Amino acid sequence: LWTFFSFAYITFFCGNSSFAANIIQYNIDQLVGASADQLNSVIYLHILSGPLVLFPFYLLQCLFYSTSGVSVSLVLVSHSFFKHKLENISLIKNPIKLIVRVLCYARKHKYPENRSALTYWEEEAPSRLDLGKDKYGGPFTEEEVEDVKTVFRMLPLFLGFMAINLSDDVYWSAIDSFTLPTCLAVTDILYYFCSVIAIICFYKYIPSMLTRMSVGIFLAFIVTVSKVIIFFIERPHPNINNFISLEFTVAQSPVNMRGVMVGLWYAIAYGLGFLISTTFKFLFDCKSQYICTSFYYYMTKSVLVLIILIVFVILAKRYKYQIIRSLTFILMYPVSLEFTVAQSPVHMRGVMVGLWYVASWGIGYLISTMLKFPFDCESQYICTSFYYYMAKSVLVLIILIVFVILAKRYKYRVRKNEVNIVQIVDDHYQRYLNQREQFGIDTDSDSSTD
Numbered sequence: 001l002w003t004f005f006s007f008a009y010i011t012f013f014c015g016n017s018s019f020a021a022n023i024i025q026y027n028i029d030q031l032v033g034a035s036a037d038q039l040n041s042v043i044y045l046h047i048l049s050g051p052l053v054l055f056p057f058y059l060l061q062c063l064f065y066s067t068s069g070v071s072v073s074l075v076l077v078s079h080s081f082f083k084h085k086l087e088n089i090s091l092i093k094n095p096i097k098l099i100v101r102v103l104c105y106a107r108k109h110k111y112p113e114n115r116s117a118l119t120y121w122e123e124e125a126p127s128r129l130d131l132g133k134d135k136y137g138g139p140f141t142e143e144e145v146e147d148v149k150t151v152f153r154m155l156p157l158f159l160g161f162m163a164i165n166l167s168d169d170v171y172w173s174a175i176d177s178f179t180l181p182t183c184l185a186v187t188d189i190l191y192y193f194c195s196v197i198a199i200i201c202f203y204k205y206i207p208s209m210l211t212r213m214s215v216g217i218f219l220a221f222i223v224t225v226s227k228v229i230i231f232f233i234e235r236p237h238p239n240i241n242n243f244i245s246l247e248f249t250v251a252q253s254p255v256n257m258r259g260v261m262v263g264l265w266y267a268i269a270y271g272l273g274f275l276i277s278t279t280f281k282f283l284f285d286c287k288s289q290y291i292c293t294s295f296y297y298y299m300t301k302s303v304l305v306l307i308i309l310i311v312f313v314i315l316a317k318r319y320k321y322q323i324i325r326s327l328t329f330i331l332m333y334p335v336s337l338e339f340t341v342a343q344s345p346v347h348m349r350g351v352m353v354g355l356w357y358v359a360s361w362g363i364g365y366l367i368s369t370m371l372k373f374p375f376d377c378e379s380q381y382i383c384t385s386f387y388y389y390m391a392k393s394v395l396v397l398i399i400l401i402v403f404v405i406l407a408k409r410y411k412y413r414v415r416k417n418e419v420n421i422v423q424i425v426d427d428h429y430q431r432y433l434n435q436r437e438q439f440g441i442d443t444d445s446d447s448s449t450d
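For the sequence shown, position 262 matches number 262 in my numbering, and the numbering has no gaps at all.
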């Protein structure tokens, strides 16, 4: 059984990784010459597809405790959307081969060869990688060398991409003994719901990419710290799972006081709520028996509900991190992909998107899973070790500090379309010298003929 499960899991992981790492690049290839706004829209729609699928997936999992039939149905339905062949753009250059060639040339050459005279005007000495440019006598164009330098500037920032999944915890909870509210809480359905709302409504109103990613990593740190606080406060009773009001009241009440606590729950949930709502109607002259038309009545109720919501969220620390993590997802996951696509050279975009997937998903989940073994997280539902979340918080904090430092020093790759005067002058003099040499050869041949 374990052999079959391991084979199925490895097959699923390889297939899912191959699809997820290539589908966004394939979608971008269909938009040749598209504007930056169109590419960003494709990226955000791609990210939105994840929460949109996982939201009903976990909902059905919690309702029916089985999703195999639903998964097969989705595969069969989605197959009909790919009947026609889309445009497939092949790579003109091998990006890995280009990077290796530029590095090998830089390793073998410490000084420029056949350097152009016009390069002596430059104030800064060329780096070892710059020696590969044709203007310094190298075999590569300036664009190719700058592409390689851009890749190496981007790679350290990929360290921050693993923070979102490092702060995440994945558990399987589709068992019959779980109630529906508990299952929804453990499967993070609120997280996916908030992610969908945030992507649709707020993705256009956030500042620059590196700023968004820094805020996202900071929120990931807040998520892990909130879990540390939860399990530090509730270490004496770590097995609390239910959070619906009556279920929570029955589960937490002492046996000899359970009747009193359920009575108080009913009085607060129904009696006090209806009492306050009815009292407000008299204060604001809601004379109609069908609907109150007073603006101030609904404004007062809205303010009161908002206050109750804020107080409840502060008190219910156990589930607050899902909302924060949804903001982390929005500020980190799509923006990091947007940054990778925008800054990557065109012929290296596939490699960089693949590295982004490895950094943001693979390494993050790998570290998060490996950390569970030293801290004896044996439960398949939720890890209750205080030190496990403390270790994750320290790691995310280190990633945050390093990322902020690297982001401040990062120089965006800007492709300028300005006229290169130096190159024009260099080409002009090169043509002049070639014509002069050719004229000298023609003169010598005429003299020998005479």
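Just so it is clear, CB atoms sit at the ideal spot from N, CA and C, and this is done for glycine as well. Here the structure is a predicted model, which means the values were calculated and not measured.
Within the model, the alpha-carbon separation for Y365 versus P126 is close to 40 Å. Linking A106 to R128 through their CA atoms gives a straight-line distance of about 5 Å. Between N22 and V353, the CB-CB gap stays under 9 Å. For E146, the enclosing alpha helix (DSSP H) starts and ends at 142-154. The beta-carbon separation of Q25 and R409, rounded to 28 Å, does not stay under the 8 Å limit for a contact. A check of alpha carbon separations from L159 across Q430, Y412, Q343, V402 identifies V402 as the nearest. Residue pairing by DSSP puts K133 in a beta bridge opposite F140.
Assignment of E113 by DSSP, reduced to helix, strand and coil, places it in the coil class.
DSSP places P345 outside any alpha helix (DSSP H), giving it a letter other than H or E.
Around the beta carbon of K108, fewer than 16 other beta carbons lie within 10 angstroms, which makes this residue exposed.
DSSP places N16 in the helix class (H, G or I) of the three-state scheme. When the beta-carbon positions are compared, V148 and G138 stay at least 9 Å from each other. Within 10 angstroms of the beta-carbon of E338 lie 16 or more other beta-carbons, which makes it buried. Around Y388, the same chain offers L371, K372, F375, C377 as residues with beta carbons nearer than 7 Å, after the five sequence neighbours per side are excluded. Assignment of D427 by DSSP, reduced to helix, strand and coil, places it in the helix class. With a 10 Å radius around the Cβ and a threshold of 16 neighbouring Cβ atoms, Q343 comes out buried.
C-alpha of L157 to C-alpha of M332: approximately 12 Å in a straight line. DSSP, reduced to helix, strand and coil, places S6 within a helical segment of the structure shown. Within the same chain, and ignoring the five residues on either side of V42 in sequence, the residues whose Cβ sits closer than 7 Å to its Cβ are N27, I28, L31. For G160, there is no enclosing alpha helix (DSSP H), as DSSP marks it with neither H nor E. Per DSSP, reduced to three states, the secondary structure at D285 is coil, with no helix or strand assignment. With at least 16 other beta carbons inside 10 angstroms of its own, L131 counts as buried. By the neighbour-count criterion, in which a residue is buried when 16 or more other Cβ atoms sit within 10 angstroms of its Cβ, C14 is exposed.
Taking V394 as reference, the option from L45, K133, S368 with the minimal CA-CA separation is S368. Counting of Cβ neighbours within 10 angstroms places F140 among the buried residues, the total reaching 16 or more. In this structure, the beta-carbon distance from L155 to L355 falls below 9 Å. With a beta-carbon spacing of about 14 Å, A20 and F161 fall beyond the 8 Å limit used to define contacts. An exposed status is given to F152, since fewer than 16 other beta-carbon atoms sit within 10 Å of its beta-carbon. F7 and I363 have their C-alpha atoms spaced approximately 21 Å apart. Between Y357 and S49, the beta carbon gap of about 15 Å keeps them out of contact (Cβ cut-off 8 Å). Here L31 carries a coil assignment [DSSP, helix/strand/coil].
CA-to-CA, the gap between E437 and K135 works out to about 21 Å. In the DSSP annotation of this structure, the continuous segment of the alpha helix (DSSP H) that includes K108 starts and ends at 95-108.
For R409, the enclosing alpha helix (DSSP H) starts and ends at 386-409.
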